[in-house]
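Notes to accompany the following structure.
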Amino acid sequence: MRILVLVLLLAMAVAIGQPWLGNPANAAEGDRSAGRKIFKQCRNCHSVRAGKFTTFGPNLYQVVGRQAGTAPQHDYSPALAAADFIWTPERLDRWLADPEAFVPGAKMEFRLKSAQARADVIAYLIAAGKR
Ligand code: HEC
2 MRILVLVLLL AMAVAIGQPW LGNPANAAEG DRSAGRKIFK QCRNCHSVRA GKFTTFGPNL
62 YQVVGRQAGT APQHDYSPAL AAADFIWTPE RLDRWLADPE AFVPGAKMEF RLKSAQARAD
122 VIAYLIAAGK R
């Protein structure tokens, strides 16, 4: 299992670092500075700073590559607390498009309809996790 996760993460890293490997049909190229502006919509509930507590949503520092539902100090819905997967850009894309459809019972009252906006904010989350 650990090996599988490692291989997946490696594949992700390669895919992110080498955009020409991405499939343009379903994976829009993310622009992290555009994503930074889009993240303003998330900020009422989330922070990307290490250890920063936010009242409504879990901390998102290094969320890409992290086990879902495990940020400290956050009281998750039973559905997300029980989720057994690691956040990848693909999963984040599906989550942001429709959290409730991706994890039935999840409680995030927010959606990003635009695929480009989702790709941008995911690029920003990855970049912010490297600081
Ligand atoms: C109105 C508040 C609110 C807004 C706005 C919001 N979220 Fe959330 N988010 C939440 C809550 C609450 C949860 C936890 C859901 C649960 O426990 O089911 C969550 C969970 C998440 C998770 C899962 C984290 C984990 O630890 O598993 C990610 C990723 C996420 N949000 C990203 C975003 C992004 C990116 C945006 C902006 C595009 C955003 N959210 C906007 C409230 C919000």
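All the letters of the sequence shown, read from the start, carry residue numbers 2 to 132 under the working numbering. Cβ atoms here follow ideal geometry from the backbone N, Cα and C, with glycine treated the same way. Note that the coordinates shown come from a computational prediction; the quantities given were computed from them, not determined experimentally.
Proximity test, residue i beta-carbon vs the ligand HEC heavy atom, cut-off 8 Å
i, result
"residue 134", "Residue 134 is absent from the structure shown; the chain starts at 2 and stops at 132."
"residue 48", "no"
"residue 83", "no"
"residue 71", "yes"
"residue 124", "no"
"residue 42", "yes"
"residue 105", "no"
"residue 54", "no"
"residue 31", "no"
"residue 58", "yes"
Opposing strand residues paired with residue i [DSSP bridges]
i, result
"residue 68", "87"
Proximal residues to residue i (C-beta, below 6 Å), its chain only, five neighbours per side dropped
i, result
"residue 86", "69"
"residue 72", "59 and 60"
"residue 90", "123"
"residue 27", "Confidence is the limiting factor: at residue 27 the pLDDT is only 46, short of 50, which leaves the residue's position unreliable, though a coordinate-based value still follows. Around residue 27: no qualifying Cβ."
CA nearest to the CA of residue i, picked from the options
i, options, result
"residue 59", "65, 35, 67 and 76", "76"
"residue 95", "131, 130, 33 and 116", "116"
"residue 130", "105, 66, 74 and 104", "66"
"residue 51", "36, 74, 38 and 41", "74"
"residue 127", "103, 88 and 105", "88"
Close Cβ partners of residue i (< 7 Å) along its chain, the five nearest in sequence each way excluded
i, result
"residue 107", "78, 80, 81, 100 and 101"
"residue 92", "86"
"residue 119", "94, 97, 98 and 113"
"residue 46", "55, 57 and 58"
"residue 32", "121 and 124"
Own chain partners of residue i with C-beta closer than 8 Å, once the 5 adjacent residues on each side are dropped
i, result
"residue 43", "58, 61, 111 and 122"
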